[in-house]
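Quick note: the sequence shown, position 92, residue 81 per this note's numbering, numbers continuous.
Glycine included, each C-beta is placed from N, C-alpha and C at the ideal position.
Quick caveat: nothing in here was measured; it's all calculated off a predicted structure.
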Amino acid sequence: MQQWIEIIRTAHSLGIPTTSTMMYGHTELPEHWVRHLLLLREIQKDTGGFTEFVPLGFIHSQTKLFKSGHARPGHAIHEDLIVHALSRLLLNNYIRNIQVSWVKLGFEDSLACMEAGANDFGGTLMEESISKAAGATFGEYVAPGEFRALIRTIGRLPAERFTSYLIRELFEHPDAEERLPRPPIPVFGSDTHHAPISATGY
């Protein structure tokens, strides 16, 4: 941990911004979430170098940690909501951007976490392999128009940003490219308890 702190502080001192993350849903307890968030906040107070915070739910089904009996079966929706809300409360005005990991959460839970405190839906990706190898259902490319359509379902105004979080384009009105994505085809052996379950069309 100390080595990581030194590396991050050094990067920030050299003008290199970084992301910040936290994986949850494996062997940790809620007090570990708070401790980690407070550490990130203290670093951010000193350096201002974190561009965003990304909670990462543990995808369990194909991991050695779970199969060996050393981890619980991943993150549950109530944990997702608590972690994202807690992140907003503890990091607000310090790390302003809280990003959902739709690859790990799926669309429905990602939208719920947006309403719990997150403000960034993440990237469209081309293909994600890490979460899929661990058992995730999501991870294929999603068109920007599909993201915008999803974001509008919770009353948010979609925008495209740069890595620096400067806004590239604000989409005040829907366009012809906006459509809700189809549900992913479940992959045998994947974590399916986070797949969309609503009847809203996505």
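Cβ-heavy atom distance between Leu155 and the ligand MN below 6 Å? By its list of ligands, the structure shown contains no ligand whatsoever, and the ligand MN lies outside what it can speak to.
Apart from the five residues on each side of it in sequence, which residues of its chain come closer than 7 Å, Cβ to Cβ, to His25? Translated into positions along the sequence shown, residue 25 becomes position 36. Answer for His25: Met11, listed in chain order.
Decide if Pro163 is buried, meaning its Cβ has at least 16 other Cβ atoms within 10 Å, or exposed. The residue given as residue 163 occupies position 174 in the sequence shown. So Pro163 ends up on the exposed side.
For Glu193 and Glu97, what's the separation of their Cα atoms in angstroms? A query on residue 193 cannot be resolved here, the shown segment of the chain reaching from -10 to 191 and no further.
Using the Cα positions of Gln(-9) and Ala74, report the straight-line distance between them to the nearest angstrom. Looking up residue -9 in the sequence shown gives position 2. Looking up residue 74 in the sequence shown gives position 85. Looking at the two C-alpha atoms, the distance is approximately 27 Å.
Nearest-angstrom Cα distance between Glu167 and Phe151? The residue given as residue 167 occupies position 178 in the sequence shown. The residue given as residue 151 occupies position 162 in the sequence shown. Whole-angstrom Cα-Cα distance: 20 Å.
Going by DSSP, name the residue or residues bridged to Met11. In the sequence shown, residue 11 corresponds to position 22, counting from 1. Partner residues in the beta bridge of Met11, as assigned by DSSP, are Pro44.
May I ask you to report which of helix, strand or coil DSSP gives Ala107? Position 118 of the sequence shown, counted from the start, is the residue given in the question as residue 107. Residue state, collapsed to three classes: coil.
Close Cβ partners of Thr(-1) (< 6 Å) along its chain, the five nearest in sequence each way excluded: The sequence position of residue -1 within the sequence shown is 10, counting from 1. There are no such residues.
Residue closest to Pro147, alpha-carbon to alpha-carbon, out of Tyr130, Gly111 and Glu129: The count along the sequence shown starts at 1 and reaches residue 147 at position 158. Among Tyr130, Gly111 and Glu129, the Cα nearest to that of Pro147 is on Gly111.
From Leu29, Arg145 and Tyr154, residue whose alpha carbon lies closest to that of Ile195: Outside the shown range of the chain (-10 to 191) lies residue 195, about which nothing can therefore be said.
Are the CB atoms of Thr40 and Tyr154 within a distance shorter than 7 Å? Taking the first residue of the sequence shown as position 1, residue 154 is located at position 165. Taking the first residue of the sequence shown as position 1, residue 40 is located at position 51. Thr40 sits close to Tyr154, with the two beta carbons spaced by under 7 Å.
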